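Following: one structure in structure tokens, then a few remarks.
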Amino acid sequence: MKKLVTTLAILLLLAVPLVAHAASSRVTTDNVVGVWVNHRDKDIHQQITFTKSHHWRENQHGQKDIYKGTWKITGKHEITLAPYDEVIRFSNHNHKMTVINYDHVLTRNPR
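Counting from 1 along the sequence shown, just add 56 to a position and that's the residue number in this note's numbering.
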């Protein structure tokens, strides 16, 4: 019985840091919400705004709301933009996003 309790205690101690780390690195609504700017391809002046109500809108070339729709979290580090089924992948620490089909890299403007 003592061996069983010791084994369970060790397994519990090993599992706690893994669970805490996994929860902190998964993309959340708070990670997404805000204004994200394309700093790599500056000539298109791309800016995407994500809201808590899971809507998004994009400005490019000085035109407002050139694209818009809704977004949802679809993976550990991914969201999908409707109605275009565009996949956006976040970095491991959710500091930058990459629009997969266009290889656009965006970072969030400070709040």
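Glycine residues also receive a C-beta, built at the ideal position from the N, C-alpha and C atoms.
It should be emphasised that the depicted structure is a prediction, and the values quoted were computed from it without experimental measurement.
Check: Let me know the secondary structure DSSP gives Val83 once reduced to three states.; Outcome: coil
Check: Which residue wins for smallest C-alpha separation from Glu134, given the options Tyr123, Ile122, Asn150, Gln119?; Outcome: Asn150
Check: Just checking my contact of Thr126 with His111 at CB under 8 Å: how many whole Å lie between their CB atoms?; Outcome: 6 Å
Check: Does the pairing of the stretch 87-105 with the stretch 152-165 give three or more beta-carbon distances under 8 Å?; Outcome: yes
Check: Among Asp141, Glu142, Lys132, whose alpha-carbon lies nearest the alpha-carbon of Thr85?; Outcome: Lys132
Check: Return the residue from the list Ile104, Lys128, Lys108 that minimises the CA-CA distance to His117.; Outcome: Ile104
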